[in-house]
Amino acid sequence: MSRIAVTGIGVVAPGAIGVEAFRELLAAGRSAVGPVDRFDTSGLGAHQAALIRDFKPRDFIAPMKLRRMNTLSRYAVAAAKLALQDCDAAGTPLPDDTGVALGTSFGPVQTSVDYMQEYVEKGAALAPPQLFAESVANAPGSHIAIEHGFRGFNVTVTQRESSALAAAMYAASQLAKGSARAALTGGVEEVNEMIFSVLDRIGALARGEHQEARPFDRCRSGMVIGEGAAALVLDTQTAAKYGYLSGFGIARDTTATISDWGDDHRAAAAAMRAAIEDAELTPGDVDAIYASANSTRKADRLEWRAIEALFGDDAPPVVATKSYFGEYAAGGALQLVAALLAVADQTLHASPGFEAGEDGMRIEVVRARRPAALRHVLVNSLSAGGGIVCAVVSREAA
Amino acid sequence: MRKPDPSTRIAVTGAGIICSIGRNKAEVWQSIRESRAGIGELTRFPGETFPTTIAAEVEPEVEPMLPVAAREAKRLSRTDRLAVIAAAEALRQANDGTATAPLPLERAIVSTGSSTGGLLEGEDYYFRRLVRGRRRAPASRVLQQPTSGPSDAVAQVFRLGGGVISNATACASAGAAIGMAADYLRSRHADVAVAGGSDALCRLTYSGFNVLQAVDPEPCSPFGAERKGITLGEGAAYLILERWDDAIARGATILAELCGYGASCDAHHPTAPAEDGRGAETAMRGALCEGGVGAEAIDYVNAHGTGTMLNDSAETKAIMAAVGSATPVSSSKSYFGHTLGASGAIEAVISVLALQEQLAPPTLRLQKPADDCTLDYIPHTPRPMRMTNVLSNTFGFGGSNVSILFRRAET
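Here's what the structure looks like:
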């Protein structure tokens, strides 16, 4: 059994560049969701998203390199740089065989759209090669490797809402196996017009009177989406600065369709149990849950039922973070970062947007930030299509 | 977390494949035996003009091969459909024959590599929007665009409950997906893995490799002096992986052993491989190390062998450094082109079949090897030979490299 130390965190988040700014955003209970001004949402039902603002890529990336990178790559390279700066103060430089495992839910959709625009305008033979090079989902991970000379494993995982947690699971598994001493994991996402409009048209986004994300709330009407990047430095030979990744569980709800959540909460409960057992713990050791809850009717109900099924009446307090930065934000990695900050700061964050649960829901959703003794925090990710990944984040190395 | 236990042996108990030279293992192997490539005129995109005009296509209508109702099939992208067809063959084999107990599907994970996902359908949507504007384009067809589509589709069709993982590491995707799945069996995060890859041809990749000037106007000629680049292909393949002892207990027929894999990154360039082949060498050495064998134990290397100037010379250097210069090497891409995100899975199935049949597939059209390609590339015709350990190489954009070691099943 191994616990993998998190020794540095870099964040390019809606409303917060850098882990300290993100910490403040969470402490203030401030949502970064706001009106979409990047593209025209007229004619759509939803008009809100958590977008990156005030990000200056030149602060992180040399101008010559910048031209070769799309938005996703810029977010990811900046987050990686911030993460390495964050741990430089605490540890030694990372070795050459450092691995990279990133998650992204949609990947470079905007680059594909831009490419096809040029293809239509100029012809199939004259579209820009630079756009094609950036149209692969692993371009951000590749840029990070080139930037820092990381020659270990380099993979990009896409599993909808669970992408970043699935990537972290792989990175942790490789370090446990001994493939590398250290790894950089995390996720990256970009909100663009195409994803937004398609999600809106299938009715997935919050609309009407309650446009904000309201995870677990009885008035929730759909998700609000977000973007950005987060990078976590994992190291097997240094003490943690934030906490340890101590267990993972994976399962799938076989009642789900290919693009929606199912209704059998047992699979989510099984994934949570598997993660807890992987960490050699029991449900009673879990002091809090950082929930997947994304404000959709179906997924949130599935999750609270799964929590109640596993923990009974002794469920620990539950924090829903997606009302801060949206679903898909940083490929799902910001939720993991929030849980690590909770463990590091011994603080439970508030769940903005939650006022009252639906009838029958017994779990406690934390409404106001409070100090708490947190040894182990469970992190859930339930994705459309039925995939579930859960992780346990621990304060101590053993 | 539990670490992948290196002493846990992984059995391959099923394999499925669809590509331009066949719709299943039997058809594919027949083509391999007969040195019959599946490369012809590009027909998929009528009305579009590209600098090159050939491809390794699977037949246009694959719906009749799908084990699902038409209504359900409508929701699947072409990449999803190819995936479901290959996974169906693999699952059928794992449950057939000597097996006395079925695969425990409730603990089966799906791990798929794909670089395009539902991009083909996404392109239709882009085109309609560019011409007609947003409100008139049907959104339903792009819901399967994410590269996680094929894993979700396979999991849903076969009711698999162990979890879904998708790998979008460009052309190394399926190799990474298979390695990842083996690790999760070794760490007991799952009991069965349906691991593979799928990619359908689409305009963006066809055009993109052309604008990079990486496509050979003639059928590709890996390792050849006159090679000019890749031939684009499409297809899907899956392996069924189980822990060895579980497979024995179930009475399953073991096709081969997956002994290990290595993964690395060149950290050199977004699209070009490092010219010295160092990253590829590291991946192969990683596979040897995990499999606990020395370089001399490798009997055959199923190369990445794309047919580009850079890959084939760098890979040759890497093979010489990691395995030596006496080991026969070939590129099956000379049969079915470069199937991008699926290539690692398609060529893993070819490697398993080669071990079973004790027949190494050749490199077709290799009239004259390049001066810097000095290995034995098994030109023109398949070669019967004794093979115990085989390496399958898969490299991709971003400098990601994966090499998988398969061993002949003990008989």
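Line by line, the protein sequences are chains A and B.
At position 279 of the first sequence the residue is numbered 279 (our numbering), and the sequence of numbers has no breaks.
If you want our numbering, it's the position in the second sequence, counting the first as 1, plus 1000.
Quick reminder that beta carbons are idealized off the backbone N, C-alpha and C, glycines included.
For the pair residue 1318(B) and residue 1251(B), the CB atoms are not nearer than the 7 Å cut-off. In this structure, residue 45(A) lies near residue 200(A), with their beta-carbon atoms less than 7 Å apart. In the displayed model, residue 1259(B) falls within a strand according to three-state DSSP. Minimum Cα-Cα distance from residue 62(A) among the listed residues 52(A), 382(A), 77(A), 204(A) corresponds to 77(A). DSSP places residue 358(A) in the coil class of the three-state scheme, outside both helix and strand.
Nearest CB-CB separation between residue 1002(B) and chain A: below the 7 Å threshold. Exclusion of the five residues before and after residue 1366(B) leaves 1221, 1222, 1223, 1224, 1334, 1377, 1379, 1380 as the residues of its chain whose Cβ lies within less than 8 Å of its Cβ. Considering only beta carbons, the part of the region 1119 to 1132 of chain B lying closer than 9 Å to chain A consists of 1119, 1122, 1123, 1125, 1126, 1127, 1129, 1130, 1131, in chain order. The beta carbon of residue 1158(B) does not come within 7 Å of any beta carbon belonging to chain A, so the residue lies off that interface.
By DSSP's assignment, residue 102(A) forms a beta bridge with 156(A), 186(A).
Annotation: the continuous beta strand (DSSP E) that includes residue 1019(B) extends over 1010 to 1019. Scanning chain B for C-beta atoms nearer than 9 Å to the C-beta of residue 117(A) yields 1126, 1130, reported in chain order. Interface annotation, residue 136(A): in contact with chain B, CB-CB separation under 7 Å. Residue 278(A) places its beta carbon 7 Å or farther from that of residue 1107(B). With contacts defined by Cβ atoms closer than 7 Å, residue 230(A) and residue 377(A) do not form a contacting pair.
With respect to residue 213(A), residue 322(A) sits close: the two C-beta atoms are nearer than 7 Å. Listed along the chain, the chain B residues whose CB falls inside 8 Å of the CB of residue 159(A) are 1148, 1151, 1164, 1165, 1166.
Scanning its chain for C-beta atoms nearer than 6 Å, with the 5 sequence neighbours on each side dropped, one finds around residue 22(A) the residues 11, 13, 16, in chain order.
By the C-beta density criterion, residue 1385(B) is exposed, having fewer than 16 other C-beta atoms within 10 angstroms. In the three-state DSSP reduction, residue 1095(B) falls in the helix class (H, G or I).
With a threshold of 16 other beta carbon atoms within 10 Å, residue 1059(B) falls short and is exposed. Secondary structure at residue 136(A): coil, using DSSP grouped into helix, strand and coil. Chain A places no beta carbon closer than 7 Å to that of residue 1395(B), leaving this residue out of the contacts.
Out of 1346(B), 1267(B), 1119(B), 1294(B), the CA that lies nearest to the CA of residue 1304(B) is found in 1346(B).
The beta carbons of residue 1170(B) and residue 70(A) sit no closer together than 7 Å. In terms of beta-carbon proximity, residue 155(A) lines the interface with chain B, with at least one pair separated by less than 7 Å. Remark: C-beta atoms of residue 1115(B) and residue 1340(B) approach each other more closely than 7 Å. With a threshold of 7 Å between beta carbons, residue 254(A) makes contact with chain B. In the three-state reduction of the DSSP assignment, residue 192(A) falls in the coil class, being assigned neither a helical nor a strand state. The C-beta of residue 1265(B) comes closer than 7 Å to at least one C-beta of chain A.
Taking 7 Å as the CB threshold, residue 385(A) lines the interface with chain B. Annotated as proximal: residue 1332(B) and residue 1361(B), with beta-carbon spacing under 7 Å. Closest in alpha carbon position to residue 1118(B), among 1284(B), 1079(B), 1158(B), is 1079(B). Per DSSP, the unbroken alpha helix (DSSP H) holding residue 117(A) starts and ends at 109 to 122. For a Cβ distance threshold of 8 Å, residue set 1001, 1002, 1189 of chain B lies close to residue 278(A), ordered along the chain. Taking a beta-carbon distance threshold of 7 Å, residue 1207(B) counts as an interface residue toward chain A.
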